[in-house]
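Chains as they are written, first to last, in the working numbering: chain A, 63 to 377; chain B, 361 to 691; chain C, 2 to 294.
Quick reminder that beta carbons are idealized off the backbone N, C-alpha and C, glycines included.
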Amino acid sequence: MLFYAINRLALAIAIVVVVIAVLFCMIYVIPGDPVRIALGPLATPEMAASFRAKMGLDQPLWVQFIRFFSGILTGDLGTDILSNRGVATSVLEQLPFTLTLIASSMLWAVAIGIPLGCYAAIHRGSLLDRIIGVLSVAVIAVPSFVVAVYALLIFAVHLGWFPAIGAGRRGEPLDQLHHLVLPSLAVGLGWVGYLARVVRASMLEVMGENYIRTARAFGLPRRTIVYRYALPIAVLPTITLLGIGVGHMLSGAVFAEIVFARPGVGKLVYDAINARNYPLVSGTVLITTGFYVLATLMADLFVAGLDPRVRASLR
Amino acid sequence: MTSVLSVGNLAVEFAAPYGPLQALRNVSLEVGSGEIVGIVGESGCGKSTLLNAILGLLPANGRIARGQITLSGTDLLGLSDRALNSVRGDRMSVVFQDPMTTLNPVLSIGRQMTDILYRLPLSAADKQARIAAMLARVGIPDPLQRIGQYPHELSGGMRQRVAIAMAMLVEPELLIADEPTTALDATLEIQIVRLLKELQRNTGCSILFISHHLGLIAELCDSVAVMYAGEIVERGSVRDIFHRPAHPYTQSLLECDPARIDEPTSRLPTIPGDVPNLLAIPAGCIFADRCPYAFASCTVKPAQRLVANGHTAACHLLTATPAHDTAAVGS
Amino acid sequence: MSVQASDSAAVARAPGLTAVSRGFADPLGRIGFALVLLLLLAAVFADVISAYEPTKMLPRDRFLGPSYEHLLGTDQLGRDLFSRMIHGGRVALMVAFPAIGISLALGIFFGLASGYAPKWLDNALLLVFDAIRSFPTVMLALALATIIGPSLQTVVLVVILFSAPAYARIIRTQTLALRNAEFVLASVATGASIWRVLGVHILPNIIGPILILVSMDLPVVITTEAGMSFLGLGVRPPTPSWGSILNDGYAFIRESPWLAIAGGLPIIITTIGFTFLGESLRDAYDPKLRKDG
């Protein structure tokens, strides 16, 4: 297990290094003035000059890479062109909003997807099971930004049940929750379907296991068997999926933030692109990618950690 | 003697793509009060199907075509699911074959044993006391500590003892043991069987003991039923079956029992041929194609003929029913 | 469609094709196929079906609702939404086909290479694949669009960048599995060149998984194009793309819901259609691949 963890960690670090290298290549290796690419057209001559000096653009490429890399390691991801603040600061300020959105999207997926999957498994072959099956595939297929716009159209504009813009007033959790419903639905809907499918398959497998047969042979009530004997085991695979899902939901969150004009990393980077605030763009890409790699790493390690005990006790 | 379990002319079918698979045909069996009855037969003879039919746990494609199953007078086949559920784990209980997969891996032993006592209006502390006492009875050291442990922390033998403890905990009229020792090594097998014997003596429950291990059957049971390909071919006391086997299949089984072999040999005796295809049951005696004594009459299905008091076998070789044997055997 | 064959290569072709025919037995597969067909026909015959030029502006007829003249109404510049929607399908396919084609080619090349390569090269390639997959899609798309500039070509590049590693990985797995298969070993033993082995023996066997992969990937490709155009980083206006029509729908959401419908509905239909089709193909090809029992 330890060996696997170290292996996996090394891989994650390798990936991050490769990502940084790719970013470096995009800025420095692509033909064109690296200063202009890195800082964008709004950079002042002074900024350009200081950047040129800091990055040592006359140095050989590998020296520049070392500087770039060490800069990142010390937390210096560049300076926001417009606000003149550190990029890292700006990004880390907005990150909590995005994480909140992702967490609540996850909540939709868990709160609706798992019960649906469980129900479908217990009533296998019934009409409702088939309907859930078809709907699951459908919602997985439809992209989140489409769901976002339609949710906005139907529930905010037409029905007026939910607000269309923003994250809500500071310090008022209920208002913020109100603002959270539609965006998180947009991001989480696909995962509702996905979890429903996974839980259904998992439940069907677990219900066929010997220990469930024992429970039935001892006349335990159906409720007990489903909710205390089967479901806790059946949902174990979904935990690891959620770890991976965090990364995927990031993409959905970006769209949701733009559509619902919510603060967050997505909106930050989108505005930065439109404002040609390129250091902010590259810094955001770097941080979010690092976050994504971290999330998948933790999910993988969690799987491995859970695995031996489950394996040992099941076999 | 009152009968605890009475199976009468039971027929069970499974729906298969190529037609109905007749897993059990005309199975009749009695387990008396306080009696230990063994069912012996090869893999695939229908032992598990019989067990599932009694428990009402047949898979979705299985159905009971004919027959009755009664537990102390209650018609099990006529019960609703809910009613059957209240009989299971209360008046009858089971010990399954594989201790490694029988217990829920994510719940503690104590939790699982408490759950099966859900019908009892006792306090949690009382239930725990009972559980601890039962664990001690089945020979598990340090029961109070075991209650908090998880199945994977126990060895196979221990887990099977826990399974027996669970089955006994509900104070059943009938305990069904489905090859409880098959997955254990030889020394453990004897221990488990002796444990069952002792528990039965103390509680007076009836046991239906399913196994293909002849030695254990001889050790534990009062009477035996021999199953072959979905039918009961011979029934009688342990003495009858082991010393005066009447059916050719029983005779072959005993001959092939490795325990009976006195001299070292490189080849174990086997019964030539294969078990019949349950999708196309032959018309006559089910064992005819493998029987060394098959003759003309065997194309007709033999009825159960009386060999001696309490000893019957379905074989044409027993042409006449002998007069009452004065030497009391079995039952 | 059963093929009795003693030639291993012919047998290798059978699984993919029988899967296709079995896929159509499934009602969802049929619906999927119908929707896909609808898309293809609409895109090919776009000019015939649409009554207007997709870029023709009728400034006095802005935000009209559906009518006989304008089946889905008009947008903020008076352009017929139905025509724009139909032509948007063309754009989607104009991205999808070359992108998937190139991705497939790259994927097959690198997948086969990785499958047959010595361990160190295999690991190096895997690292590159995994690294690319480690980027959250949107972020990479945004970054690239920023540097290169938004255009249809950028979208194609993004799609290739994300699809090729996925294809390569799957093909690598299949190659590794087949590498030691008997008929391959036999072929090598009789002195066949590596190209012959790859082309005649391995490739036909991976057509099945490839077909499934492509049909499952198409919704992703279309989504990527629509998503990027939605953000203004893809196809440049006034060329209609479902994503940019949806964006207009978003911008003018209070003026008329029909823009959003014209942009979003085809995306929904297309993604669902390809997914149903892909799912039933996968089930038909190998029920064991199904992850939901």
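Name, please, each residue of chain C whose Cβ falls closer than 7 Å to the Cβ of residue i.
i         : result
Leu221(A) : Per Cβ cutoff of 7 Å: no residues; Leu221(A) is ~12 Å from chain C at best.
Ala48(A)  : The requested residue 48(A) does not occur in the structure, where chain A is confined to residues 63 to 377.
Val321(A) : Tyr251
Met88(A)  : Ala144, Ile148
In chain B, what lies closer than 7 Å to residue i by C-beta?
i         : result
Ile295(A) : Val466
Thr300(A) : None at all; the shortest Cβ gap to chain B is about 15 Å.
Under 9 Å Cβ-Cβ, which residues of chain A neighbour residue i?
i         : result
Asp131(C) : Leu73, Ala76, Ile77, Val80
Phe456(B) : Asn272, Arg275, Thr276, Ala279
Ser446(B) : Gly281
Ala227(C) : Pro205, Phe207, Val208
Taking DSSP's pairing of strands, which residues face residue i in a bridge?
i         : result
Gly596(B) : Val584(B)
Met452(B) : Arg448(B), Leu534(B)
Ala668(B) : His671(B)
Phe569(B) : Gly398(B), Ala537(B)
Leu384(B) : Val372(B)
Val366(B) : It is Ser, not Val, that sits at residue 366(B) in the sequence shown. Partner(s): Glu390(B), Thr430(B).
Ile424(B) : Val372(B)
Whose Cβ in chain A lies nearer than 7 Å to the Cβ of residue i?
i         : result
Pro137(C) : Gly309, Leu312, Ser313, Thr350, Thr351, Tyr354
Glu256(C) : Ordered by position in chain A, no residue passes the 7 Å Cβ test against Glu256(C), which lies about 10 Å from the chain.
Thr147(C) : Ile335, Tyr340, Val343
Gly517(B) : Those do not exist, as Gly517(B) stays about 17 Å from chain A at its closest Cβ, beyond 7 Å.
Ile269(C) : Val204, Val208
Asp717(B) : Since the displayed chain B opens at 361 and closes at 691, residue 717(B) lies outside it and no answer follows.
Thr224(C) : Pro205
Thr462(B) : Asn272, Tyr273, Thr276
Mind pulling the chain B residues with CB within less than 8 Å of residue i?
i         : result
Thr380(A) : Given a span of 63 to 377 for chain A in the structure shown, any question on residue 380(A) remains unanswerable.
Tyr289(A) : In chain order: nothing, as chain B lies at least about 12 Å away.
Please list the partners that residue i has in chain C, where partner means a Cβ-to-Cβ separation under 8 Å.
i         : result
Val331(A) : Met140, Leu143
Assuming residue i and residue j make a contact with CB atoms under 8 Å, what is their CB distance in whole Å?
i         : j         : result
Arg85(C)  : Pro60(C)  : About 16 Å; that fails the 8 Å criterion.
Ile364(B) : Ser393(B) : Looking at the sequence shown, residue 364(B) is not Ile but Val. That pair is a contact at about 5 Å.
Leu234(C) : Leu143(C) : 7 Å
Val92(C)  : Pro241(C) : 7 Å
Val692(B) : Leu431(B) : Chain B is shown only over 361 to 691; residue 692(B) falls outside these bounds and no answer can be derived.
His541(B) : Glu549(B) : Contrary to the premise, residue 541(B) reads as Thr rather than His in this sequence. With 8 Å as the limit, Thr541(B) and Glu549(B) qualify as a contact, their Cβ atoms being about 4 Å apart.
Val208(A) : Gly265(C) : 5 Å
His572(B) : Val391(B) : In fact, because the Cβ distance is near 19 Å, the residues do not count as touching under 8 Å.
Ala169(C) : Ser115(C) : 7 Å
Asp362(A) : Arg114(A) : About 41 Å separates the two Cβ atoms, so there is no contact after all.
Give me the chain A residues within the contact set of residue i, using Cβ-Cβ distance strictly less than 8 Å, ordered along the chain.
i         : result
Thr296(C) : Any property of residue 296(C) remains undetermined from this structure, which presents chain C solely from 2 to 294.
Tyr69(C)  : Near Tyr69(C) there are no residues of chain A at all, since even the closest Cβ is about 25 Å away, more than 8 Å.
Gly449(B) : Ala279, Phe280, Gly281, Leu282
Leu29(C)  : Val196, Val199
Leu417(B) : Arg275, Arg278, Ala279
Glu280(C) : Val199
Ala261(C) : Val211, Tyr212, Leu215
Asn369(B) : Here the premise fails: no neighbours, minimum Cβ distance about 24 Å.
What in chain B is Cβ-close to residue i, meaning under 9 Å?
i         : result
Thr286(A) : Asp475, Tyr478
Would you list, in sequence order, the uninterrupted beta strand (DSSP E) runs of no fewer than 3 residues that lie entirely inside the region 469 to 511 of chain B?
none
**Asked** What runs of the alpha helix (DSSP H), each 4 residues or longer, lie entirely inside the region 19 to 69 of chain C?
**Response** 28 to 45, 47 to 50
Three or more C-beta pairs below 8 Å linking the region 151 to 159 of chain C and the region 185 to 193 of chain C
no
In chain order, what are the residue ranges of uninterrupted alpha helix (DSSP H) at least 4 long that sit wholly in the region 212 to 245 of chain A? none
Looking at C-beta atoms only, is the number of pairs between the region 277 to 287 of chain A and the region 198 to 209 of chain A that lie closer than 8 Å three or more? no
Cβ pair count under 8 Å reaching 3, the region 245 to 259 of chain C against the region 210 to 227 of chain A = yes
Quiz item: the region 492 to 509 of chain B: which residues have C-beta closer than 8 Å to a C-beta of chain D, in chain order?
Solution: The chain inventory of the structure shown lacks chain D, comprising the protein chains A, B and C.
Exercise for the section: Check whether the region 552 to 560 of chain B touches the region 515 to 527 of chain B, counting contact only when three or more Cβ pairs, one atom from each stretch, lie closer than 8 Å. Expected result: yes
Exercise for the section: Write down every uninterrupted run of the alpha helix (DSSP H) in the region 310 to 363 of chain A whose length is 4 residues or greater and which is fully enclosed by it, in chain order. Expected result: 327 to 336
Margin query: If contact is defined by three or more beta carbon pairs under 8 Å, each pair taking one atom from either stretch, is the region 412 to 427 of chain B in contact with the region 600 to 613 of chain B?
Written below: no
- Would you say the region 155 to 164 of chain A touches the region 326 to 341 of chain A, given that touching needs at least three Cβ pairs under 8 Å? yes
(request) Spell out a yes or no on whether the region 287 to 306 of chain A and the region 346 to 353 of chain A are touching, meaning 3 or more CB-CB pairs, one atom from each, closer than 8 Å. (result) no
- [ ] Would you be able to state if there are at least three C-beta pairs under 8 Å between the region 303 to 314 of chain A and the region 96 to 110 of chain C?
- [x] no
Segments of 4+ residues assigned as alpha helix (DSSP H) that fall wholly inside the region 276 to 313 of chain A:
293 to 296
| said: Within 8 Å, do at least three Cβ pairs link the region 579 to 599 of chain B to the region 402 to 421 of chain B? | reply: yes
*At which residue ranges does the region 152 to 214 of chain A contain complete alpha helix (DSSP H) runs of 4 or more residues, listed in the order of the chain?*
176 to 184, 189 to 203, 206 to 213
Three or more C-beta pairs under 8 Å: does that hold for the region 661 to 677 of chain B against the region 637 to 653 of chain B? yes
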